[in-house]
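What follows is a short report on a single structure.
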């Protein structure tokens, strides 16, 4: 079964500094990887995904993520954090095209300090 | 564009009561799913469906029933509510077996069982 680990509970970063949220995954087949963001009292919003191709994928709101197959990682990054980036971030994985079930990590609270 | 619509947004039940959380999507998605979100545990899959008339269990199915009589609707039934079912419930949908694969989420239903 597929699974995701997000090792940090909370990430604190000063506004304007680079932001990194870590994610490692486990899957038996080809990994399809996703990042979602959740603002307070809202549903999850899709940020970006890796299916195949270039290991660096770009998504919404200036976020990007790097797929590393040897380290089974898919870390989310943003070069310059904004206060409005403060939210809960989830990494998720599915086992290729045949299985739509997404397994989510426990989430990382990002706090951007003005 | 309504997307994924969940009702009710808030509900308080007494132990032993039953209720149904409604979910409807207008994107003609074959795949629909229910997750529960609990602090520190991320999102856990309850039940899912790959099309009308087809449902299957996820990671935490006990105490919940689902049915899929139409493509649009995927209700979640709590048979006899327990305090352990206090949670935020999310319905999500996507196209089935396509590389796009990202889930579209509803705004959530917050359930409290006393």
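Residue numbers (the working numbering), protein chains in the order written: chain W, 1 to 114; chain D, 1001 to 1114.
Positions of the beta carbon are idealized from the N, C-alpha and C atoms, including for glycine.
These figures come from a predicted structure and were not determined experimentally.
- Segment contact: the segment 93-111 of chain W against the segment 28-43 of chain W, three or more CB-CB distances shorter than 8 Å; contact assigned.
- Residue 1104 of chain D is positioned such that its CB atom lies no closer than 8 Å to that of residue 1050 of chain D.
- Separation of residue 1007 of chain D and residue 70 of chain W (C-alpha to C-alpha, rounded to the nearest whole angstrom) is 43 Å.
- For residue 53 of chain W, the number of other beta carbons within 10 angstroms of its own is below 16, and it is reported as exposed.
- In this structure, the straight-line span from the alpha carbon of residue 58 of chain W to that of residue 1090 of chain D is close to 26 Å.
- Around residue 61 of chain W, the same chain offers no residue with a beta carbon nearer than 6 Å, after the five sequence neighbours per side are excluded.
- By the Cβ-count criterion, residue 104 of chain W is buried, with 16 or more other Cβ atoms from all chains shown falling within 10 Å of its own Cβ.
- Residue contact check for residue 49 of chain W against chain D: a CB pair falls below 8 Å.
- Distance from the CA of residue 16 of chain W to the CA of residue 22 of chain W, rounded to the nearest whole angstrom, comes to 19 Å.
- For residue 29 of chain W, the CB contacts under 6 Å within the same chain, skipping 5 residues up- and downstream, are 95, 96 in chain order.
- The CB of residue 1090 of chain D comes closer than 9 Å to the CB of 43, 44 in chain W, given here in chain order.
- For residue 107 of chain W, the neighbours in chain D by C-beta distance under 7 Å run, in chain order, 1042.
- Among the bridge pairs identified by DSSP, residue 1018 of chain D is matched with none.
- Per the coordinates, the alpha-carbon of residue 1014 of chain D lies some 50 Å from the alpha-carbon of residue 55 of chain W.
- Ranked by Cα distance from residue 81 of chain W, the first of W/12, W/19, W/2, W/9 is W/19.
- According to the DSSP secondary-structure assignment, residue 25 of chain W is paired through a beta bridge with W/4.
- For residue 77 of chain W, the enclosing beta strand (DSSP E) starts and ends at 73-78.
- Take the alpha-carbon of residue 98 of chain W and the one of residue 114 of chain W: they are about 44 Å apart.
- By the Cβ neighbour-count rule, residue 8 of chain W is exposed, with fewer than 16 other Cβ atoms within 10 Å of its own.
- The beta carbon of residue 102 of chain W sits closer than 6 Å to the beta carbons of 92, 94 from its chain, once the five residues preceding and following it are set aside; these are given in chain order.
- Chain order gives the chain D residues near residue 104 of chain W as 1042, 1043, where near means a beta carbon separation below 7 Å.
- Under the DSSP assignment, residue 1006 of chain D falls in the beta strand (DSSP E) whose first and last residues are 1004-1007.
- Per the DSSP secondary-structure output, residue 12 of chain W pairs in a beta bridge with W/111.
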